[in-house]
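Under the working numbering, the first residue of the sequence shown carries the number 177, and numbering increases by one thereafter. A virtual CB, placed ideally from N, CA and C, is assigned to each residue, including glycine.
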Amino acid sequence: MNEFLNIKIAVDFDGTIVDHEYPAIGREKLFAFRTLKELEKKGARLILWTFRAGKELDEAVGFCRQNGIEFYAVNKNYPEEIMTDSISRKIDADIYIDDRNLGGFPGWSEVWQMLFPFELQLKEAEKRIISARKNIFKRLFTRIMSSDAKRTD
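Rendered as structure tokens:
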């Protein structure tokens with residue numbers, strides 16, 4: 177359940193959580209909040225890492241809060257950090273989710289599949305097993321019905 181316990185994931189806002197409409201807040205990207213909530217449930221520490229500052233940053237944080245996401249930190253490595261010139265601006269995260277990745281943002285469904293490939297494989301295997309079981313029962317039922325039909329002739 178907590179396979180991402182204390183894993184820090186830095187997430188951009190514009191173009192990643194929402195469509196890029198800066199300084200306005202764009203529409204939510206498909207599965208963005210659902211994915212972020214699942215990552216939180218799995219123990220991840222989500223850090224909002226965005227170009228936004230001041231009022232625009234407050235609006236973004238508020239929008240995420242309204243959609244059920246409370247970040248571990250915002251534009252910081254940890255909540256208590258005080259940014260000074262002696263601290264590198266580069267975020268200390270294990271995973272970065274950003275629309276400026278090489279190749280662009282793949283979408284939240286693809287992000288989930290990258291982070292949890294085994295879960296995807298497991299679901300596909302379960303589907304194949306269920307399908308195989310249905311086929312076995314279908315063949316068995318067909319045989320029973322055809323043998324019953326032969327007996328009544």
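{"Item": "Same chain only: Cβ atoms within 7 angstroms of F239, ignoring 5 sequence neighbours per side", "Value": "I201"}
{"Item": "Which residues DSSP lists as bridging E204, in chain order", "Value": "V194"}
{"Item": "Straight-line gap, P199 to E232 (C-alpha atoms, nearest Å)", "Value": "7 angstroms"}
{"Item": "Rounded C-alpha distance that separates H196 from D275", "Value": "9 angstroms"}
{"Item": "Straight-line Cα distance separating L291 from E179", "Value": "11 angstroms"}
{"Item": "Closest residue to K184 among A269, I273, G283, P282 (Cα-Cα distance)", "Value": "A269"}
{"Item": "Close Cβ partners of I267 (< 7 angstroms) along its chain, the five nearest in sequence each way excluded", "Value": "A186, I223, W225, N253"}
{"Item": "Among S285, F281, A249, nearest to E214 - alpha-carbon criterion", "Value": "S285"}
{"Item": "D236 - DSSP class collapsed to helix/strand/coil", "Value": "Reading off the sequence, residue 236 comes out as Ala, not Asp. Correct three-state label for A236: helix."}
{"Item": "Proximity winner among W288, D190, F294, relative to Y216 (alpha-carbon distances)", "Value": "Tyr is not the amino acid found at residue 216; the sequence shown has Glu there. Nearest of W288, D190, F294 to E216, Cα basis: W288."}
{"Item": "Residue environment, A220, which counts as buried when at least 16 other CB atoms sit within 10 Å", "Value": "buried"}
{"Item": "Selection from G283, N243, Y248 that minimises the alpha carbon distance to L206", "Value": "G283"}
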